[in-house]
Structure formats: C-alpha cells, structure tokens
Amino acid sequence: MNELFLKIINMSISASWLVLVVLILRFVLKKAPKWVNILLWGIVAIRLICPFSFESALSLIPSAETFPEKVISGPSFDVQTGITPVDNRINDYLGDRYFEGVTVPANNGNNIMTILTIVWTIGILLLVAYTVISYWRLRRKVDTAVRYKDNIFQSENVKSPFVLGIIKPRIYLPFNMNGQDLEHVVAHEQAHIHRKDHWWKPFGFLLLTIHWFNPLVWLAYVLLCRDIELACDEKVIKELGNEQRADYTQALVACSVNRRMIAACPLAFGEVGVKDRVKSVMNYKKPAFWGVVLAVIVCVFVAVCFLTNPVTKNNGTDGTVTEWFDYLEPPDEMVWDGRLEINLPEFPGVTFRWYPEKMEAVTEEGIVPLFHGMPIWNTYFCDLTGDRIPDLCSTYTFGSGIIDSRIIIYDYANGASYELSDRGYFDFTLRFNEADGYLYVDKTKYNTDELVETGRLVFKNNSIQIEGFSNEAHQVFWAEILEIHDGHYLVKLVEGSWELNSADRIVVPISNAHPSPEPEIGNVIEIEYSGEILESYPAQIADVYGIKLIREAETWDLIPMVMVNGTLYLDTGHESTIEARCGVMDGEITSQVDGSKQPTVDDQSNFGTGYGYQYGATEGTIELFMNGKWWIFATEEARQAILFPSTENEPSKFYLTIGSEGVKSIKLSMPNSSGGFENADGSLLKKGERIWLENLDGYTDLRGLTITALGENGEIIWTASIPDEEENKGFTHLVNDDWEITNIE
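Residues in the sequence shown are numbered from 7 upward in steps of one, following the working numbering.
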C-alpha cells in the first residue's frame with residue numbers, strides 16, 4: 007500500500023506541472039473555443055490516472071519520480087524534483103543532516119510513508135462517504151418528480167435545473183419556469199448530455215478523490231466545472247442571434263443559485279460562475295479557422311511535452327566511474343589472503359574494506375558486513391541509483407554445487423542492494439569500457455566462455471537493467487520423464503503446456519543443459535529452452551538452457567498394471583525370454599491414471615503412456631516394451647502361476663523376502679547360474695515384499711550363493727554369500743535383518 011501511495015504522489019506532482027501550464031494556456035487562449043480547455047483538462051486527467059509513460063527528449067517534466075521508491079526502505083527522504091537548487095535545499099532539511107545527533111531508524115522512511123498512506127486512505131473514504139450521502143439526499147428530493155416529457159422531469163423540491171444520472175441521465179426542472187426560460191434551459195441541459203458531461207464531471211471528481219492532498223488538483227476540478235459550463239453555453243448560443251442570447255443570459259440569471267460545495271454531481275444550469283458565463287455569452291464571436299488550428303496544435307504540443315517523462319540519466323548524473331580494483335582480467339594477481347581499503351569523500355568516517363571473500367564498511371561504531379563472495383572479483387564506484395552518491399558495483403562468484411558469477415549493486419547510502427544473476431544458466435561479469443566511460447555487463451553461458459550478449463549497466467524501475475540486451479524470454483514447460491537414454495530424455499508434457507499444441511512427446515537433449523541433472527523415470531522436470539520445436543515424432547528441441555527437478559516420481563501402493571480388452575494385466579516383474587519378436591505391436595498404452603488407482607478403460611495404465619504391447623506366448627499374458635526390454639504382465643490367475651508355480655514333481659524353489667528400504671534390484675550368482683530381479687517400471691522394492699528367485703530353481707541348498715541388493719543409483723545396500731564348502735551343505739533357509747531366503751512356499 008505504501009508503494010501505491012508513493013506512486014500516486016509522484017503521478018500527482020508530475021500532473022501539477024501540467025496544471026500550471028493549463029492555467030497559463032487558459033489565459034493565453036481566451037479567444038479559442040471553450041472545448042479546447044476541456045481537452046487540456048483531459049490531458050491533465052491522463053497524467054493523473056496513468057501509472058506509466060514513455061520517455062522523450064521533448065519532455066518538459068523536470069522529474070518523473072520526485073520521490074524514488076527507496077525512500078520507503080531508506081533512513082531518510084531524497085527528493086528529486088529535477089530542479090537541482092530545489093533538490094539541494096529540500097534534501098538539506100529532509101536528509102541525514104536534519105537528523106544530526108538523533109538516531110534514525112533504518113526503516114524511518116517506511117514509518118513515515120505508512121502514516122501518510124493511512125491519512126490518504128482516510129481522506130478518500132471521507133470524500134466517498136460525502137459523495138454517496140449527497141447523491142442519496144438528492145435522489146430523495148427528486149423521488150416525487152413528475153415527468154414533463156421524454157427524460158425531462160419537474161419537481162417542487164428543485165431550485166435550479168440540473169442533470170442527474172450516468173447511465174440514463176435525467177433533466178430536473180423547477181415548476182415555476184416560464185416557457186422562454188424553459189426552452190433555453192432544456193437546450194443547455196441536453197447539450198450537457200450530448201457532450202457526455204454527465205460522465206466527465208464524475209470522472210474528474212473521482213480523480214480529485216484520489217489526489218485530494220494536492221491543492222492544484224482541487225483548483226483544476228473547480229476550473230473544469232466552470233469550463234464545462236462555458237463550453238456547453240458556447241454550443242447552445244453559437245446558432246442564436248443577439249436577441250436570443252440576451253434571453254439566454256436572462257435565463258442564466260433567473261436560475262442562478264448560491265454557490266454549493268464542490269460535488270461530483272449534478273450538472274446545474276445556473277450554479278457555476280454565472281457572471282463570467284453572462285459575459286462570455288454576450289461577447290461570443292465565432293472563432294477563426296486558424297485560431298482553432300493553432301489551439302489544436304498547442305494541445306498536441308502540451309500532450310507530447312507533458313505526457314512523456316524525461317529521458318533517464320544512466321550511470322549517475324555525471325557518468326563518473328571510479329575503479330577500485332579489478333582482478334577479472336589478471337586473476338593471478340589476486341592476493342587470496344590480502345585486503346584492500348578505500349575512503350571516499352561522499353562517505354566521511356567510512357572505510358570500505360575488501361577481502362577476497364567479503365566486503366565490509368568500517369565506521370566508528372564498528373564493522374558492517376555488506377556482501378560476500380567466493381571471491382569478489384572487482385568493484386567500481388558509480389552513481390547508478392541517481393541519488394548523487396556513488397554505489398558499489400561488483401562482480402562476485404558464489405554458490406554451492408552450482409558456482410556462478412553475479413553482479414551486485416550496493417547502495418550504501420540507503421542500505422539497499424540489487425543483484426543480477428541467473429543461477430545455473432548464465433554468468434554475468436562487470437567491466438569498465440574505456441571507449442565511452444561506462445560500466446558494461448558481459449553475459450555468458452554458465453561455466454563457459456561463450457558470450458551470449460553484452461550491454462551497458464543501468465538502473466531503472468528500482469532494478470538492474472542492461473541496455474542492449476535482447477531480453478528474449480526463454481520458453482519453459484513441465485514434463486514427465488518416460489525414458490532415459492544416453493544424451494537425451496523422452497518426456498511427456500503435463501496438461502496445460504503450450505507445447506502440447508506441437509506434440510505430446512518431446513526428445514530433450516541433456517548434453518547442452520546447464521547443468522545436466524540426474525532425475526529418474528517418472529520424475530516431473532522443468533525444461534527451459536529456446537522456444538523452437540523441431541517437427542518430428544516424437545518432437546525435438548535443440549537448445550536447452552536448463553533442467554530443474556520439480557517433483558520426484560511417486561511411489562504408490564498398487565502394483566503397475568494395464569487394461570487391455572477389458573482385462574487387467576498386472577506386472578510380474580519378469581522379463582520375456584522369447585528371443586525374437588514379430589516386430590509388429592498389437593497395441594499401445596494411450597492413457598494413464600496415477601499409481602493409487604486401477605485402470606478403467608482399454609489401453610490405460612497406472613504408471614505412464616507410450617508403451618507398445620503384444621499378446622504373450624502363454625494365455626493370460628501380454629508383454630510391454632519398456633526401456634528397450636519386453637516385460638511380462640499377466641492376469642491375476644496367470645500372475646499367480648508365474649510367481650508361485652506348482653511344486654509337484656518340480657525341483658525346489660527359493661524365495662527372498664526384502665527386509666530393508668531403498669532396494670531397487672537384486673543381483674545373485676551361483677557356480678552355474680546368475681540373474682536378478684527388479685520391477686518392470688523401475689520402482690523400488692517394498693519392505694516385506696516376497697519375490698521368487700527364479701535362477702535358483704533346481705538347487706538343493708545354497709552353497710556358492712552370492713546375493714547383492716542395489717539401490718537407486720546402483721549402490722550396494724547389502725550383500726551376502728555362502729561359501730561352497732561341505733559344512734554348508736543343506737542350507738535352504740537363511741535369515742538376516744535385511745533379508746530372508748527360504749524354500750518354503
């Protein structure tokens with residue numbers, strides 16, 4: 007709210023310059039049509055209500071921001087009217103010297119602005135309440151009005167004619183009017199309606215309500231109301247003869263009333279400046295054509311010069327850049343255990359001290375840390391923020407894991423800092439350009455010397471900006487990883503992504519992403535890229551600037567399953583042993599639900615889409631092609647037969663019960679056999695899950711067995727082995743905290 011009020015103050019001050027100009031032009035253009043005055047007040051209204059403007063060298067506004075935004079957070083006000091003698095005089099009183107000998111809170115500006123904002127809000131509420139009550143009382147007075155004709159009503163409670171209403175305006179007249187006066191009054195009020203004055207006057211009062219603290223806005227509103235009446239009179243009388251004009255002035259005098267307080271409504275016939283209006287009517291002469299043209303040219307000139315802001319002065323008022331140190335060009339010259347100190351006349355009693363890892367200010371009260379780096383490569387002094395006091399402009403390196411170069415502007419006078427960085431995507435470094443004497447920024451791809459663009463360092467809109475940068479916005483979308491290959495991912499876009507208009511699946515290269523992450527299948531990632539999508543299927547993107555992990559794959563209670571031809575097929579965890587496939591898919595998984603639900607429609611899974619399938623070699627199974635392998639899915643009955651086959655006339659089977667968390671796969675070996683187990687969708691094995699060690703079929707004991715549990719990244723969770731020795735003969739049941747092996751089905 008404080009920022010809004012500060013913006014309103016600056017808008018009001020800028021408009022005040024325009025009000026002063028309009029006051030002068032009203033006197034200069036006395037012979038111009040009165041609607042020209044209305045047009046000039048319209049330009050004032052635009053300045054009062056529009057929160058932004060363009061910069062122009064033709065602008066005559068001294069300063070677009072008299073009170074910069076940093077007064078809210080700074081210890082004192084810093085006025086910037088654009089008129090140097092005025093600024094110096096005011097800032098001498100409002101600056102730190104005014105508070106000499108007094109401890110000023112760091113948020114002093116914020117405290118003052120909060121109080122002023124509350125007062126401003128109360129003022130608005132009071133004016134709104136006054137308007138609502140006045141309008142309600144007026145409506146009550148005319149409740150008993152009688153229709154005269156069309157939108158014209160008469161009432162015994164009306165003392166003077168007026169127009170009331172915005173959507174459907176009505177003309178209200180007193181009963182005691184003679185026919186001649188009534189004719190002129192109705193013509194005048196109808197002219198108001200045709201000119202939409204019943205809109206412009208309330209709109210003007212709305213602006214007055216917002217800018218009530220500005221006396222020039224009150225004056226502007228009073229003169230607007232007067233000019234509205236004069237312009238309306240002019241519209242009515244320009245077709246009347248001298249005798250009819252005399253009758254019109256008599257009607258004005260007859261309907262004149264005592265001055266009322268300023269209000270948003272109504273439009274009263276004889277309420278505003280009757281004496282001046284009578285003179286204007288009697289002295290009216292049709293304006294010359296060239297006079298009208300000149301008046302319009304003046305209006306255009308005023309709009310161009312006062313609706314635009316002055317061109318921002320960059321890099322300080324005088325463009326002076328002072329180098330303290332710069333180790334970017336000769337990095338070997340940096341003394342890693344040294345320090346540098348400097349004193350500036352603008353900061354009496356302050357010594358700025360640099361260490362490679364930190365910047366601090368040393369005062370009589372103690373040491374104040376400013377910012378840190380790993381290291382701080384260079385520092386220049388330059389007035390970027392426009393307060394005529396130099397700021398510290400530095401390049402520093404920082405980060406953990408991802409270490410990048412950044413630029414910081416430290417405004418010591420106001421205790422504020424501004425940073426330019428794009429962690430993991432780009433590096434920014436600061437340099438002094440001797441050709442023009444300005445500070446420049448070089449933008450390079452992260453952790454490389456590849457220059458992307460370069461431009462001059464400036465400070466606008468309370469932030470660091472770079473003149474000459476393209477400011478191209480990189481496109482970003484979210485997607486779920488379906489497959490991981492060397493050098494690229496195959497991803498499925500999430501709902502709502504613009505890229506779905508081009509393709510539902512995209513190949514994302516990893517090699518040129520800065521940095522390259524290590525997510526897993528099922529993870530949702532954010533991909534920042536150039537915006538260009540190559541037409542193919544799956545679609546492809548060439549330039550990837552960054553990949554971020556948004557959400558890890560979720561582990562669900564239900565096992566992976568699919569529905570095909572109305573039948574549910576469940577993951578068996580077994581890979582097909584058929585060496586040759588026919589090469590033609592019988593179908594493809596085209597939709598999915600999350601892992602907490604069962605599929606309900608054909609060709610749907612609860613773990614992902616895009617997997618082709620064939621019907622299995624045995625009844626009740628299908629085989630899904632996932633990550634380069636065929637995995638067996640089976641009906642519940644067929645799955646039981648696969649996982650727990652009959653033991654009649656069959657050799658012993660061994661089963662492993664998982665007793666620990668974080669296990670993704672099991673690897674085992676025997677003297678004449680080796681193999682393993684993992685879920686088809688790559689998910690972790692659950693603690694307590696019992697799996698069939700198919701590779702141990704036919705063994706009578708476990709001599710020579712080596713079994714290893716591996717985690718998500720291939721790390722060993724646990725391992726066990728049974729030496730192939732005679733004393734271990736007959737071992738068929740082994741127990742450990744992390745696992746249990748048995749031949750009991």
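Ideal Cβ placement from N, Cα and C applies to all residues, glycine included.
Shortest alpha-carbon distance to residue i belongs to which of the options?
{"i": "V228", "options": "G210, I216 and S62", "result": "G210"}
{"i": "D730", "options": "Y705, V458, S400 and Y661", "result": "Y705"}
{"i": "L555", "options": "D549, I533 and T573", "result": "I533"}
{"i": "A441", "options": "T454, V458, Y424 and R462", "result": "R462"}
{"i": "F660", "options": "R696, S727, Y543 and C311", "result": "R696"}
{"i": "E459", "options": "T450, K466 and W724", "result": "T450"}
{"i": "G614", "options": "S602, T596, R146 and I728", "result": "T596"}
{"i": "R437", "options": "D149, L46, T401 and T454", "result": "T401"}
{"i": "I395", "options": "Y418, G379, L188 and C238", "result": "Y418"}
{"i": "W424", "options": "G392, C388 and N468", "result": "Going by the sequence as given, residue 424 is Tyr instead of Trp. Among G392, C388 and N468, the Cα nearest to that of Y424 is on N468."}
{"i": "L488", "options": "F465, V530, T454 and D448", "result": "V530"}
{"i": "I14", "options": "V28, A38, I130 and L26", "result": "I130"}
{"i": "E718", "options": "L29, L31 and P525", "result": "P525"}
{"i": "K244", "options": "I216, H190, H204 and V568", "result": "H190"}
{"i": "P337", "options": "M380, V304, V306 and R153", "result": "M380"}
{"i": "W41", "options": "C231, Q186, V152 and R153", "result": "C231"}
{"i": "N571", "options": "V134, R143, I584 and D608", "result": "D608"}
Tell me, to the nearest whole angstrom, how far the beta carbon of residue i is from that of residue j; I am working on the premise that it is less than 8 Å.
{"i": "I67", "j": "S20", "result": "5 Å"}
{"i": "T385", "j": "F331", "result": "6 Å"}
{"i": "A686", "j": "D577", "result": "5 Å"}
{"i": "H198", "j": "V169", "result": "5 Å"}
{"i": "I547", "j": "I470", "result": "That pair is no contact at about 30 Å."}
{"i": "E195", "j": "I177", "result": "4 Å"}
{"i": "I516", "j": "G493", "result": "6 Å"}
{"i": "V304", "j": "L35", "result": "7 Å"}
{"i": "L31", "j": "L46", "result": "6 Å"}
Where DSSP assigns a beta bridge to residue i, which residues make up the other side?
{"i": "L46", "result": "Its beta-bridge partners do not exist; DSSP assigns none."}
{"i": "S679", "result": "M676"}
{"i": "K511", "result": "Contrary to the premise, residue 511 reads as Arg rather than Lys in this sequence. For R511, which the question treats as bridged, DSSP gives the partners K498."}
{"i": "L5", "result": "What is shown of the chain runs 7 to 751, which leaves residue 5 out entirely."}
{"i": "P375", "result": "E366"}
{"i": "N315", "result": "E61"}
{"i": "N384", "result": "D332 and T401"}
{"i": "N349", "result": "T357"}
{"i": "K449", "result": "F434 and E459"}
{"i": "H580", "result": "I638"}
{"i": "H491", "result": "H494"}
{"i": "M7", "result": "Paired residue(s): none; M7 is not in a bridge."}
{"i": "F631", "result": "G618 and W636"}
{"i": "N439", "result": "Y444"}
{"i": "A715", "result": "I672 and W724"}
{"i": "S469", "result": "K466"}
{"i": "S423", "result": "Y416"}
Just to confirm before moving on: does the CB-CB distance between residue i and residue j stay below 7 Å?
{"i": "Y452", "j": "F434", "result": "no"}
{"i": "A422", "j": "L213", "result": "no"}
{"i": "L346", "j": "W360", "result": "yes"}
{"i": "I44", "j": "V308", "result": "no"}
{"i": "L445", "j": "I415", "result": "no"}
{"i": "E581", "j": "T663", "result": "no"}
{"i": "A702", "j": "V669", "result": "Inspection of the sequence shows that residue 702 is occupied by Leu rather than by Ala. No, these two residues do not count as a Cβ contact at 7 Å."}
{"i": "S671", "j": "L716", "result": "yes"}
{"i": "L574", "j": "G601", "result": "no"}
{"i": "M7", "j": "T123", "result": "yes"}
{"i": "Q610", "j": "M569", "result": "yes"}
{"i": "V152", "j": "Q160", "result": "yes"}
{"i": "P39", "j": "P293", "result": "yes"}
{"i": "V500", "j": "P544", "result": "no"}
Closest Cβ-Cβ distance between residue i and chain D: below 7 Å?
{"i": "I531", "result": "Protein chains in the displayed structure number just one, and chain D is not present."}
ask   = When the Cβ atoms of the segment 425-434 are set against those of the segment 483-499, are three or more pairs found closer than 8 Å?
value = Fewer than three Cβ pairs drawn from the segment 425-434 and the segment 483-499 lie within less than 8 Å of each other, which leaves the two stretches out of contact.
key: Any 3 or more C-beta pairs closer than 8 Å across the segment 7-25 and the segment 220-227   = Segments in contact, yes.
task = Give a yes or no on contact between the segment 666-685 and the segment 640-650, applying the rule of three or more CB pairs nearer than 8 Å.
result = By the criterion of at least three beta-carbon pairs nearer than 8 Å, the segment 666-685 is not in contact with the segment 640-650.
query = Does the segment 611-621 come within contact of the segment 631-645, defined as at least 3 CB pairs closer than 8 Å?
reply = For the pair of segments examined, the segment 611-621 was found to touch the segment 631-645: the number of CB pairs separated by less than 8 Å reaches three.
ask   = Counting pairs of beta carbons, one from the segment 670-678 and one from the segment 701-716, are three or more of them closer than 8 Å?
value = When Cβ pairs closer than 8 Å are counted between the two stretches, the segment 670-678 is seen to touch the segment 701-716, the count reaching three or more.
query = Is the number of C-beta pairs between the segment 290-306 and the segment 370-388 that are closer than 8 Å three or more?
reply = Contact fails: fewer than three Cβ-Cβ distances are below 8 Å.
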